[in-house]
Amino acid sequence: MTKLSNSDGFTNTLWKFFTSVKLSVFILLSLAMTSIIGTLIPQNENPMLYLKKYGEFRFSLFKSLDLFDMYHSWWFRFLLCMLTVNIIVCSINRLTATWKIIFPKTPKFNINRFRKMKNRQEWTSTSTPETLKTAYETYLKKRFKTFLVEPAENGYRLFAEKGRWTRLGVYVVHLSIIFLVIGGLVGSIFGFDGYVNIPEHESISSIFLQNSKLKKELGFEIRCNDFNISFYDSDMRNRNRMPKEYRSDLSIIKNNKEVIKKEIIVNDPLRYAGINIFQSSYGQTKASGLKYEKQAKMGQSIDMPGNTGTLKIEDFKSHFPYRGITLDNVYICVFTPKEGEPEHILIPENSRFDAMRNGDFIISIENLGNHLKITFTETGLKYYTGLQVTKDPGVPIVYTGFIFLIIGCYITFFMFHKKICVELTTAGGKTNVMVSGISEKNRPGMLSVTRRVANQLKHLK
Amino acid sequence: MTSSKIFSIITFLYGLALVLYIISWVFKKSFPGKLAVAATIAGATGNLAGVILRWIESYQMGIGHAPLSNLYESLIFFAMTIAIVHLFIAFKYKQRIIGVVSSPIPFLAMAYASLPKVNDSIQPLIPALQSNWLIAHVMACFIGYSAFAIAFGISIIFLLKSPDAEQQTGIMARIPDFDTLDDLTHQMVMFGFLFLSIGIITGAVWANQAWGRYWGWDPKETWSLITWLIYATMLHARLMRGWQGKRIAVLSCIGFFAVIFTYFGVNLLPGLHSYQ
Chain A
1 MTKLSNSDGF
11 TNTLWKFFTS
21 VKLSVFILLS
31 LAMTSIIGTL
41 IPQNENPMLY
51 LKKYGEFRFS
61 LFKSLDLFDM
71 YHSWWFRFLL
81 CMLTVNIIVC
91 SINRLTATWK
101 IIFPKTPKFN
111 INRFRKMKNR
121 QEWTSTSTPE
131 TLKTAYETYL
141 KKRFKTFLVE
151 PAENGYRLFA
161 EKGRWTRLGV
171 YVVHLSIIFL
181 VIGGLVGSIF
191 GFDGYVNIPE
201 HESISSIFLQ
211 NSKLKKELGF
221 EIRCNDFNIS
231 FYDSDMRNRN
241 RMPKEYRSDL
251 SIIKNNKEVI
261 KKEIIVNDPL
271 RYAGINIFQS
281 SYGQTKASGL
291 KYEKQAKMGQ
301 SIDMPGNTGT
311 LKIEDFKSHF
321 PYRGITLDNV
331 YICVFTPKEG
341 EPEHILIPEN
351 SRFDAMRNGD
361 FIISIENLGN
371 HLKITFTETG
381 LKYYTGLQVT
391 KDPGVPIVYT
401 GFIFLIIGCY
411 ITFFMFHKKI
421 CVELTTAGGK
431 TNVMVSGISE
441 KNRPGMLSVT
451 RRVANQLKHL
461 K
Chain B
462 MTSSKIFSII
472 TFLYGLALVL
482 YIISWVFKKS
492 FPGKLAVAAT
502 IAGATGNLAG
512 VILRWIESYQ
522 MGIGHAPLSN
532 LYESLIFFAM
542 TIAIVHLFIA
552 FKYKQRIIGV
562 VSSPIPFLAM
572 AYASLPKVND
582 SIQPLIPALQ
592 SNWLIAHVMA
602 CFIGYSAFAI
612 AFGISIIFLL
622 KSPDAEQQTG
632 IMARIPDFDT
642 LDDLTHQMVM
652 FGFLFLSIGI
662 ITGAVWANQA
672 WGRYWGWDPK
682 ETWSLITWLI
692 YATMLHARLM
702 RGWQGKRIAV
712 LSCIGFFAVI
722 FTYFGVNLLP
732 GLHSYQ
């Protein structure tokens with residue numbers, strides 16, 4: 001028994017600890033202040049850079065405090081966890097205590113509180129309380145959700161109220177924060193954030209994770225068909241010209257079949273199977289020397305690799321006069337680039353030919369009897385596209401939190417529970433009218449509501 | 462007329478409004494106050510016209526985008542939103558005197574924008590900024606900043622007004638009573654908090670669309686969160702612990718320093734949001 005009450009006592013103390021608003025204020029300020037550190041110390045940089053910048057002592061001190069990745073450190077997560085528990089406990093505690101007050105079975109009004117309000121408006125009317133009661137009743141019923149009337153000593157008391165539910169606004173805000181925390185958690189457990197560079201015309205099936213730099217298999221291939229960068233200034237000599245657009249033509253290949261093909265730009269990613277592929281960077285790399293082999297018959301047009309154009313082998317000549325010399329065993333081909341005029345090229349048999357003037361491919365042709373084998377070998381410099389590849393199943397939860405946060409803040413800040421009381425008392429053939437309003441939250445707002453109601457009631461006879 | 466010409470005229474108008482507000486306050490005359498409101502209305506209208514004109518000019522240059530893309534354009538937009546929020550207070554709460562503290566901000570923002578070191582040319586948008594979220598994100602943030610700026614101005618008056626000033630007859634007596642100032646600060650902070658939240662959220666949704674993550678602890682993001690946390694603390698202290706008056710005024714000032722740092726200070730730190 002003793003043990004039980006002890007643990008009860010402990011639970012109680014713990015519960016009380018978490019219901020304290022002082023704790024909320026403390027956690028909110030702690031989060032604000034510690035967050036500053038991470039904006040002063042660049043996060044997730046190379047350890048060597050830190051060592052150079054801060055020296056050995058500060059480096060090991062900062063490292064032990066996780067300051068180089070502080071937003072993922074145990075203590076920052078601990079603070080977030082405390083905030084979440086604090087919000088949940090506070091909300092449950094307050095809601096269980098106030099639910100009955102907020103939503104009573106029969107609304108109750110305390111006339112004495114209304115009589116004491118500073119915002120009360122008073123005047124005298126020549127009409128009888130009965131006439132006024134009927135007129136005011138129609139007015140109040142139209143504008144307020146709940147309406148009650150009770151007879152008083154020398155007249156009537158009319159009560160009206162609306163917006164009781166708006167007291168829940170703050171719980172909507174708190175719920176939204178919990179959604180954000182859960183969404184973040186789901187994302188960090190079940191999601192990933194990676195990157196990969198894909199040279200043009202090549203495909204990859206795995207990416208590198210941003211934090212751990214580990215390799216991750218995607219379960220499908222991403223092929224970069226093409227990468228293009230365009231500038232606002234078309235003058236090639238201007239080294240500082242501003243980029244206008246980075247565009248990657250990507251294909252998703254699953255089981256050797258292209259399932260999706262899309263051109264992505266910054267702000268317009270490719271989404272496939274819960275995985276998002278974003279244009280993130282680009283660069284140039286030496287061509288891999290990758291070989292593509294194709295087969296063709298004489299007179300047939302074939303597509304060049306990477307959608308660069310078409311090649312048609314028109315004829316084969318064992319002797320071909322060309323610019324004063326005679327070439328032996330040449331294929332006469334027509335190369336049609338993707339954009340541009342077709343041109344004739346000559347490819348000597350069993351030799352290599354630089355098909356495109358900037359040297360994207362070397363082409364060689366071999367006669368295998370019944371068909372021709374054409375080999376394209378990549379060469380020179382080529383662009384690669386830098387992609388960010390992410391998966392975050394927490395996003396829908398986070399977005400729900402976002403919507404709740406905006407709606408909740410709006411309700412909490414700009415809507416309030418309004419209670420109005422009108423007291424009608426006869427005094428010497430005339431009627432004294434008192435209008436008074438109560439709002440737990442927004443006193444200045446209630447003052448203007450009370451004034452407005454009073455002014456409109458004055459015109460009713 | 463070009464947009465830059467309009468901007469130099471409105472800088473003058475905002476300066477004029479400031480002088481008129483001070484005259485109205487010091488000499489206890491309501492006429493200069495009315496003129497000041499008129500000058501602010503003219504300034505804000507011209508400001509809006511200038512923003513729209515600059516938008517059109519960018520299209521004529523073939524690089525059309527909303528004028529919200531660099532420091533110069535943000536300062537001009539900031540001046541406009543502050544002037545509008547200020548006018549809103551002047552009409553809704555009938556507190557013209559607040560103009561003494563809120564009208565310096567649009568004037569200073571415009572004056573700062575006209576310094577030679579602030580690049581006023583219309584530049585094309587880098588790929589990352591080419592999104593419709595840009596407009597919603599920047600607008601929401603700056604409406605929020607404006608409300609916080611005015612809350613800061615009111616808090617400064619609150620702190621300058623000595624407790625026994627309620628009975629004084631000097632110029633300090635002409636400023637609204639403590640309850641009104643306190644309530645105005647609270648109203649502005651609530652308004653700003655809602656818009657800062659919308660600004661952070663639209664930014665997060667945009668980031669998720671452009672980079673695949675809604676939050677990346679970039680310094681500006683982090684500082685906007687710090688600002689949000691400070692004002693959240695302030696709202697809790699007031700609504701739950703009943704803090705009022707001086708302590709709220711001090712928190713409002715601290716909050717505004719965080720706003721200023723989010724706006725300007727972050728340029729000193731590396732990150733995605735730094736203005737060029």
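Just so you know, the protein sequences line up as chains A and B, in that order.
Under my numbering, the first residue of the first sequence is numbered 1, with each subsequent residue one higher.
Under my numbering, the first residue of the second sequence is numbered 462, with each subsequent residue one higher.
For each residue, glycine too, the CB sits at the ideal point set by N, CA and C.
No experiment lies behind these values; they were computed from the predicted model shown.
Identity of the residues DSSP links to Arg271 of chain A by a beta bridge: On the first sequence, position 271 is the one that residue 271 of chain A refers to. Note: Arg271 of chain A sits in a beta bridge opposite A:Asn276.
So is the beta-carbon of Gln121 of chain A under 6 Å away from any non-hydrogen atom of the ligand ZN? The ligand ZN is not part of this structure, which contains no ligands at all.
Go ahead and label His319 of chain A buried or exposed: buried means 16 or more other beta carbons lie within 10 angstroms of its beta carbon, across all protein chains shown. Reading the first sequence from its first residue, position 319 is the one you call residue 319 of chain A. Classification of His319 of chain A: exposed, given that the 10 Å Cβ count is below 16.
Report the partner residues of Tyr282 of chain A according to the DSSP bridge assignment. To locate residue 282 of chain A, count along the first sequence from 1; it is residue 282. Tyr282 of chain A is bridged to A:Thr385.
Around the Cβ of Tyr675 of chain B, are there at least 16 other Cβ atoms within 10 angstroms (buried) or fewer (exposed)? As a position in the second sequence, residue 675 of chain B is number 214, starting the count at 1. It counts as buried.
Using a Cβ cut-off of 7 Å (strictly closer), state whether Pro444 of chain A contacts chain B. For the purposes of this step, residue 444 of chain A is identified with residue 444 of the first sequence, where counting begins at 1. Yes, Pro444 of chain A counts as interfacial toward chain B.
Close-in-space but distant-in-sequence residues of the same chain around Trp242 of chain A (CB under 6 Å, 5 per side omitted): Indexing the first sequence from 1 puts residue 242 of chain A at position 242. The identity of residue 242 of chain A in the sequence shown is Met, whereas the question assumes Trp. Taken in chain order, the residues that qualify are Tyr232.
If we ignore side chains and look at the alpha-carbon of each, how far apart do Lys3 of chain A and Phe10 of chain A end up? Counting from 1 along the first sequence, the entry for residue 3 of chain A is found at position 3. Counting from 1 along the first sequence, the entry for residue 10 of chain A is found at position 10. Note that Lys3 of chain A scores 48 on pLDDT, short of 50, meaning its location in the model is unreliable; the coordinates nonetheless yield the value given after this. Taking the straight line joining both Cα atoms gives about 10 Å.
To the nearest angstrom, report how far apart Pro151 of chain A and Arg157 of chain A are at their CA atoms. Numbered from its first residue, the first sequence carries residue 151 of chain A at position 151. Numbered from its first residue, the first sequence carries residue 157 of chain A at position 157. Going by the C-alpha atoms only, they are around 6 Å apart.
Excluding the 5 residues preceding and the 5 following Arg699 of chain B in the sequence, name in chain order all residues of the same chain whose CB lies nearer than 8 Å to its CB. One-based indexing of the second sequence puts residue 699 of chain B at position 238. Correct list, in chain order: His647, Gln705 and Ile709.
Would the beta-carbon of Ala574 of chain B fall within 7 Å of that of Ile537 of chain B? Within the second sequence, the letter at position 113 stands for residue 574 of chain B. Within the second sequence, the letter at position 76 stands for residue 537 of chain B. For Ala574 of chain B and Ile537 of chain B, yes; Cβs fall inside 7 Å.
With DSSP as the reference, label His174 of chain A as helix, strand or coil. As a position in the first sequence, residue 174 of chain A is number 174, starting the count at 1. Note: His174 of chain A maps to helix in three-state DSSP.
Taking Phe220 of chain A and Lys254 of chain A to be in contact with their CB atoms under 8 Å, please state how far apart those CB atoms are, rounded to whole angstroms. To locate residue 220 of chain A, count along the first sequence from 1; it is residue 220. To locate residue 254 of chain A, count along the first sequence from 1; it is residue 254. Confirmed, about 4 Å.
Looking only at its own chain, which residues have a Cβ that is under 7 Å from the Cβ of Ala589 of chain B, when we skip the five neighbours before and after it? The count along the second sequence starts at 1 and reaches residue 589 of chain B at position 128. So the list reads Ala671, once near-sequence residues are dropped.
Could you check whether the Cβ of Asp581 of chain B sits closer than 7 Å to any Cβ belonging to chain A? For the purposes of this step, residue 581 of chain B is taken as the residue at position 120 of the second sequence. Asp581 of chain B does not count as touching chain A.
In chain B, which residues lie with their C-beta within 9 Å of the C-beta of Gln43 of chain A? Translated into the one-based positions of the first sequence, residue 43 of chain A becomes position 43. Ordered by position in chain B, the residues that pass the 9 Å Cβ test against Gln43 of chain A are Trp678.
C-alpha distance - Val21 of chain A paired with Met701 of chain B, whole-angstrom precision: Position 21 of the first sequence, counting from 1, holds the residue named residue 21 of chain A. Position 240 of the second sequence, counting from 1, holds the residue named residue 701 of chain B. Computed Cα separation, rounded: 7 Å.
Give the interface partners of Gly437 of chain A over in chain B, defined as CB-CB distance under 9 Å, in chain order. The sequence position of residue 437 of chain A within the first sequence is 437, counting from 1. Per Cβ cutoff of 9 Å: no residues; Gly437 of chain A is ~16 Å from chain B at best.
Comparing the C-beta of Ala32 of chain A with each C-beta of chain B, is any distance below 7 Å? In the first sequence, residue 32 of chain A corresponds to position 32, counting from 1. Taking Cβ atoms only, chain B reaches closer than 7 Å to Ala32 of chain A, which makes this a yes.
Could you tell me the alpha carbon to alpha carbon distance between Met356 of chain A and Lys257 of chain A, rounded to whole angstroms? Numbered from its first residue, the first sequence carries residue 356 of chain A at position 356. Numbered from its first residue, the first sequence carries residue 257 of chain A at position 257. Its pLDDT being 47, under 50, Met356 of chain A is placed unreliably in this model, and the value from its coordinates should be taken loosely. Computed Cα separation, rounded: 29 Å.
Taking C-beta to C-beta, are His371 of chain A and Lys297 of chain A nearer than 7 Å? Counting from 1 along the first sequence, the entry for residue 371 of chain A is found at position 371. Counting from 1 along the first sequence, the entry for residue 297 of chain A is found at position 297. In this structure, Lys297 of chain A lies closer than 7 Å to His371 of chain A by Cβ.
Separation of Asp226 of chain A from Asn669 of chain B, as counted between CA atoms: Walking along the second sequence from the start, residue 669 of chain B turns up at place 208. Walking along the first sequence from the start, residue 226 of chain A turns up at place 226. If I take the Cα positions, the gap works out to 24 Å.
To the nearest angstrom, how far is it from the Cα of Lys312 of chain A to the Cα of Ser203 of chain A? Looking up residue 312 of chain A in the first sequence gives position 312. Looking up residue 203 of chain A in the first sequence gives position 203. About 26 Å.
Helix, strand or coil at Met117 of chain A [DSSP, three-state]: One-based indexing of the first sequence puts residue 117 of chain A at position 117. Correct three-state label for Met117 of chain A: coil.
Counting along the chain, where does the alpha helix (DSSP H) carrying Gly511 of chain B start and finish? Here residue 511 of chain B corresponds to residue number 50 of the second sequence, with the count starting at 1. Here the alpha helix (DSSP H) through Gly511 of chain B covers Ser491 to Gln521.
What does Ile687 of chain B reach in chain A if we use C-beta pairs closer than 7 Å? Here residue 687 of chain B corresponds to residue number 226 of the second sequence, with the count starting at 1. Chain A residues near Ile687 of chain B: Ala32, Ser35 and Ile36.
Contact set between the segment 544 to 567 of chain B and chain A, restricted to residues whose Cβ is under 8 Å from the partner: none
Looking only at DSSP bridge pairs, what is Met70 of chain A linked to? Working through the first sequence from its first residue, we reach residue 70 of chain A at position 70. In the DSSP output, where bridge partners are listed per residue, Met70 of chain A has none listed.
Indicate whether at least one CB of chain A lies closer than 7 Å to the CB of Ser530 of chain B. The sequence position of residue 530 of chain B within the second sequence is 69, counting from 1. It does not; no Cβ of chain A falls within 7 Å.
Could I get the ranges of all uninterrupted beta strand (DSSP E) runs contained in the segment 189 to 255 of chain A, with 3 residues as the minimum, in chain order? 192 to 199, 203 to 209, 215 to 231 and 243 to 254
Does the beta carbon of Asp638 of chain B come closer than 7 Å to any beta carbon on chain A? Within the second sequence, residue 638 of chain B is the residue found at index 177, counting from 1. So no, Asp638 of chain B is outside the interface.
Under 7 Å between C-beta atoms, does Phe402 of chain A make it to chain B? Reading the first sequence from its first residue, position 402 is the one you call residue 402 of chain A. By this cut-off, Phe402 of chain A is an interface position.
Nearest-angstrom Cβ-Cβ length linking Gly184 of chain A and Gly394 of chain A, presumed shorter than 8 Å: If you number the first sequence from 1, residue 184 of chain A lands on position 184. If you number the first sequence from 1, residue 394 of chain A lands on position 394. Contact flag correct, Cβ pair sits at about 6 Å.
Taking the alpha carbon of Lys458 of chain A as the reference point, which residue from A:Gly445, A:Lys141, A:Ser448 and A:Val433 has its own alpha carbon closest? For this step, residue 458 of chain A is matched to residue 458 along the first sequence. Ranking A:Gly445, A:Lys141, A:Ser448 and A:Val433 by Cα distance to Lys458 of chain A puts A:Val433 first.
Alpha carbons only, please: which of A:Met117, A:Arg58 and A:Leu31 is nearest the one belonging to Cys81 of chain A? Counted from its first residue, the first sequence places residue 81 of chain A at position 81. Minimum Cα distance to Cys81 of chain A is reached at A:Leu31.
Looking at chain B, which residues of the segment 260 to 282 of chain A have a Cβ within less than 9 Å of any of its Cβ atoms? Ile265, Val266, Asn267, Asp268, Pro269, Asn276, Ile277, Phe278, Gln279 and Ser280
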